[in-house]
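First comes the structure, then the notes that go with it.
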Amino acid sequence: MLMCMEGVEKKQIRKISDKVYERITVQSGSATLTFENLYIAVLLVYNDINKLLPGPHFDSPTKEQVRSMMQECDFNLDGELDHEEFVEFIQRLTTNTLIVVSQGLIVTLVVAPTVAMTTKKATEGVPGVGKVVQKLPNSIYASLVTLAIVWFQTSREEV
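Just so you know, the sequence shown maps onto residues 0 to 158 in numbering that gives the first Met the number 0.
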(Lines of atoms letter the chains of each structure in order from A and count residues from 1; the text may use other names and numbers.)
(Lines give C-alpha, C1' and ligand atoms only; values in the text may rest on other atoms or scores of the structure.)
Protein backbone atom coordinates (compact mmCIF):
# COMPACT_ATOMS: atom_id res chain seq x y z
CA MET A 1 0.00 0.00 0.00
CA LEU A 2 2.83 2.41 0.88
CA MET A 3 4.63 1.66 -2.38
CA CYS A 4 1.46 2.34 -4.37
CA MET A 5 0.92 5.73 -2.70
CA GLU A 6 4.58 6.68 -3.11
CA GLY A 7 4.29 5.84 -6.82
CA VAL A 8 1.34 8.17 -7.23
CA GLU A 9 3.08 10.92 -5.30
CA LYS A 10 6.32 10.45 -7.28
CA LYS A 11 4.32 10.86 -10.49
CA GLN A 12 2.81 14.07 -9.08
CA ILE A 13 6.29 15.30 -8.11
CA ARG A 14 7.56 14.49 -11.63
CA LYS A 15 4.62 16.35 -13.18
CA ILE A 16 5.24 19.35 -10.91
CA SER A 17 9.00 19.23 -11.66
CA ASP A 18 8.46 19.11 -15.42
CA LYS A 19 5.98 22.00 -15.33
CA VAL A 20 8.24 24.18 -13.18
CA TYR A 21 11.37 23.35 -15.21
CA GLU A 22 9.62 24.30 -18.44
CA ARG A 23 8.29 27.53 -16.92
CA ILE A 24 11.69 28.63 -15.61
CA THR A 25 13.63 27.69 -18.77
CA VAL A 26 11.12 29.46 -21.03
CA GLN A 27 11.30 32.62 -18.88
CA SER A 28 15.10 32.57 -18.70
CA GLY A 29 15.65 31.54 -22.32
CA SER A 30 18.13 28.85 -21.25
CA ALA A 31 17.82 25.05 -21.35
CA THR A 32 19.63 24.75 -18.01
CA LEU A 33 19.12 26.21 -14.55
CA THR A 34 21.63 28.45 -12.82
CA PHE A 35 21.62 28.52 -9.02
CA GLU A 36 19.34 31.58 -8.94
CA ASN A 37 16.81 30.00 -11.30
CA LEU A 38 17.10 26.68 -9.46
CA TYR A 39 16.20 28.32 -6.16
CA ILE A 40 13.17 30.00 -7.75
CA ALA A 41 12.18 26.61 -9.19
CA VAL A 42 12.49 24.98 -5.75
CA LEU A 43 10.20 27.62 -4.25
CA LEU A 44 7.65 27.00 -7.01
CA VAL A 45 7.86 23.22 -6.55
CA TYR A 46 7.27 23.51 -2.79
CA ASN A 47 4.38 25.88 -3.41
CA ASP A 48 2.76 23.27 -5.68
CA ILE A 49 3.51 20.44 -3.24
CA ASN A 50 1.79 22.35 -0.45
CA LYS A 51 -1.23 22.98 -2.68
CA LEU A 52 -1.57 19.53 -4.25
CA LEU A 53 -0.38 16.89 -1.76
CA PRO A 54 -2.22 16.16 1.48
CA GLY A 55 -0.45 16.65 4.77
CA PRO A 56 1.19 19.43 6.73
CA HIS A 57 2.78 22.53 5.21
CA PHE A 58 6.34 21.82 4.05
CA ASP A 59 8.94 24.58 4.24
CA SER A 60 11.27 24.88 1.28
CA PRO A 61 14.98 24.27 1.90
CA THR A 62 17.44 27.09 2.55
CA LYS A 63 19.68 28.51 -0.16
CA GLU A 64 22.64 26.72 1.42
CA GLN A 65 20.83 23.37 1.27
CA VAL A 66 19.89 23.98 -2.37
CA ARG A 67 23.45 24.98 -3.27
CA SER A 68 24.88 21.86 -1.61
CA MET A 69 22.40 19.51 -3.26
CA MET A 70 22.87 21.26 -6.62
CA GLN A 71 26.53 20.30 -6.52
CA GLU A 72 25.58 16.67 -5.78
CA CYS A 73 23.17 16.55 -8.75
CA ASP A 74 25.31 18.43 -11.27
CA PHE A 75 26.55 15.23 -12.90
CA ASN A 76 28.27 16.93 -15.86
CA LEU A 77 29.90 19.52 -13.53
CA ASP A 78 28.92 22.56 -15.62
CA GLY A 79 27.53 24.55 -12.65
CA GLU A 80 23.96 24.34 -13.97
CA LEU A 81 21.25 21.68 -13.98
CA ASP A 82 19.71 20.27 -17.14
CA HIS A 83 16.26 18.69 -17.13
CA GLU A 84 17.27 15.20 -15.96
CA GLU A 85 19.63 16.62 -13.32
CA PHE A 86 16.78 18.83 -12.11
CA VAL A 87 14.38 15.87 -11.87
CA GLU A 88 16.96 13.93 -9.83
CA PHE A 89 17.53 17.02 -7.66
CA ILE A 90 13.79 17.40 -6.93
CA GLN A 91 13.36 13.68 -6.25
CA ARG A 92 16.18 13.75 -3.69
CA LEU A 93 14.90 16.98 -2.21
CA THR A 94 11.34 15.73 -1.75
CA THR A 95 12.03 12.19 -0.49
CA ASN A 96 11.29 13.07 3.16
CA THR A 97 8.21 15.05 2.11
CA LEU A 98 6.76 11.98 0.36
CA ILE A 99 7.44 9.81 3.41
CA VAL A 100 5.57 12.23 5.69
CA VAL A 101 2.61 12.41 3.26
CA SER A 102 2.46 8.61 2.90
CA GLN A 103 2.67 8.00 6.64
CA GLY A 104 -0.10 10.51 7.29
CA LEU A 105 -2.37 8.81 4.77
CA ILE A 106 -1.69 5.36 6.20
CA VAL A 107 -2.38 6.50 9.75
CA THR A 108 -5.64 8.08 8.65
CA LEU A 109 -6.77 5.08 6.63
CA VAL A 110 -5.86 2.54 9.33
CA VAL A 111 -6.78 4.43 12.50
CA ALA A 112 -10.04 5.97 11.28
CA PRO A 113 -11.95 2.69 10.79
CA THR A 114 -10.77 1.49 14.21
CA VAL A 115 -12.00 4.72 15.78
CA ALA A 116 -15.28 4.31 13.90
CA MET A 117 -15.97 0.87 15.26
CA THR A 118 -15.07 1.96 18.79
CA THR A 119 -17.39 4.97 18.63
CA LYS A 120 -20.18 2.86 17.13
CA LYS A 121 -19.99 0.57 20.15
CA ALA A 122 -19.93 3.59 22.49
CA THR A 123 -23.11 5.08 20.99
CA GLU A 124 -25.26 2.06 21.87
CA GLY A 125 -26.54 3.70 25.07
CA VAL A 126 -27.12 7.19 23.65
CA PRO A 127 -30.85 7.83 23.27
CA GLY A 128 -31.96 8.51 19.68
CA VAL A 129 -28.50 8.53 18.15
CA GLY A 130 -27.56 5.05 19.31
CA LYS A 131 -30.37 3.30 17.43
CA VAL A 132 -29.65 5.16 14.19
CA VAL A 133 -25.91 4.44 14.38
CA GLN A 134 -26.50 0.75 15.19
CA LYS A 135 -28.72 0.37 12.10
CA LEU A 136 -25.93 1.60 9.78
CA PRO A 137 -23.79 -1.17 8.26
CA ASN A 138 -20.24 -1.20 9.66
CA SER A 139 -18.67 -0.44 6.28
CA ILE A 140 -20.82 2.65 5.72
CA TYR A 141 -20.30 3.91 9.25
CA ALA A 142 -16.52 3.38 9.02
CA SER A 143 -16.46 5.23 5.67
CA LEU A 144 -18.43 8.16 7.09
CA VAL A 145 -16.14 8.47 10.12
CA THR A 146 -13.03 8.19 7.89
CA LEU A 147 -14.35 10.95 5.62
CA ALA A 148 -15.10 13.10 8.65
CA ILE A 149 -11.55 12.61 9.99
CA VAL A 150 -9.98 13.42 6.60
CA TRP A 151 -12.21 16.49 6.27
CA PHE A 152 -11.25 17.60 9.78
CA GLN A 153 -7.52 17.16 9.02
CA THR A 154 -7.67 19.11 5.76
CA SER A 155 -9.79 21.91 7.20
CA ARG A 156 -7.44 22.20 10.18
CA GLU A 157 -4.40 22.43 7.83
CA GLU A 158 -6.02 25.29 5.89
CA VAL A 159 -6.34 27.41 9.05
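We put the beta carbon where it would ideally sit given N, CA and C, even for glycine. Model, not experiment: these values are computed from the prediction.
Residue i burial status per 10 Å Cβ neighbour count (16 or more: buried)
| i | result |
| --- | --- |
| Val131 | exposed |
| Phe85 | buried |
| Phe151 | exposed |
| Val144 | buried |
| Val125 | exposed |
Nearest candidate by alpha-carbon position, reference residue i, set the options
| i | options | result |
| --- | --- | --- |
| Val160 | His56, Asn46, Leu42 | Absent from the structure is residue 160, since the part of the chain shown begins at 0 and ends at 158. |
| Lys62 | Gly124, His56, Ile139, Phe34 | Phe34 |
| Ser67 | Leu37, Asn49, Asn137, Gln133 | Leu37 |
| Val114 | Glu87, Val86, Ile148, Phe85 | Ile148 |
| Ile48 | Gln26, Ile89, Val144 | Ile89 |
| Met116 | Gly127, Val19, Trp150, Ala141 | Ala141 |
| Val25 | Pro112, Leu146, His82 | His82 |
| Leu51 | Thr94, Gly124, Lys14 | Lys14 |
| Pro112 | Ser138, Gly127, Gln133 | Ser138 |
| Lys9 | Val144, Thr94, Cys72, Pro126 | Thr94 |
| Cys72 | Pro126, His56, Thr31, Leu143 | Thr31 |
Cβ-Cβ distance between residue i and residue j below 8 angstroms
| i | j | result |
| --- | --- | --- |
| Met69 | Leu76 | no |
| Ile39 | Ile23 | yes |
| Val44 | Ser27 | no |
Contact belief for residue i with residue j at Cβ below 8 angstroms, rounded distance in angstroms
| i | j | result |
| --- | --- | --- |
| Leu92 | Pro60 | 7 angstroms |
| Thr122 | Gly129 | 5 angstroms |
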